[in-house]
Amino acid sequence: MAKPPNDLPRYRVLTGPDDETFCRRVSEALDLGYVLHGGPALAANDEQIIVAQAVVWPEPAAAVRTVGFAATASGAAGRG
Numbered sequence: 170m171a172k173p174p175n176d177l178p179r180y181r182v183l184t185g186p187d188d189e190t191f192c193r194r195v196s197e198a199l200d201l202g203y204v205l206h207g208g209p210a211l212a213a214n215d216e217q218i219i220v221a222q223a224v225v226w227p228e229p230a231a232a233v234r235t236v237g238f239a240a241t242a243s244g245a246a247g248r249g
């Protein structure tokens, strides 16, 4: 898939209290195909810990082009 589904942006920062709901939101993004971008950031106030996690949509893999030659059976490795 070249673009994220549902017209979502390629880069997202998910934030929220450090709880099951936040973990599920990150898991859902991963299930859609996003990948983690760095580690989580944490901030605390008097009441709770707030977490932020960036996710990015992976770039399409670049086409791999092999230039060169293949070894042959008559190479030096076969000489004894």
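According to our numbering, the stretch in the sequence shown is residues 170 to 249, in order. For each residue, glycine too, the CB sits at the ideal point set by N, CA and C.
Are V182 and Y203 touching if we call contact CB-CB under 8 Å?
Working through the sequence shown from its first residue, we reach residue 182 at position 13. Working through the sequence shown from its first residue, we reach residue 203 at position 34. Contact flag unset, no.
Going by the beta-carbon positions, is the gap between V236 and D187 smaller than 8 Å?
Counted from its first residue, the sequence shown places residue 236 at position 67. Counted from its first residue, the sequence shown places residue 187 at position 18. No, the pair does not count as a contact, with Cβ atoms beyond the cut-off.
Here's the rule: buried if 16 or more other CB atoms are within 10 angstroms of the residue's CB, otherwise exposed. What is Q217?
Translated into positions along the sequence shown, residue 217 becomes position 48. By the 10 Å Cβ count, Q217 comes out exposed.
According to DSSP, is R194 part of a helix, a strand, or is it coil?
Numbered from its first residue, the sequence shown carries residue 194 at position 25. DSSP places R194 in helix when its eight states are reduced to three.
Among S196, Y180, D176, whose alpha-carbon lies nearest the alpha-carbon of P227?
In the sequence shown, residue 227 corresponds to position 58, counting from 1. Nearest option by C-alpha distance: Y180.
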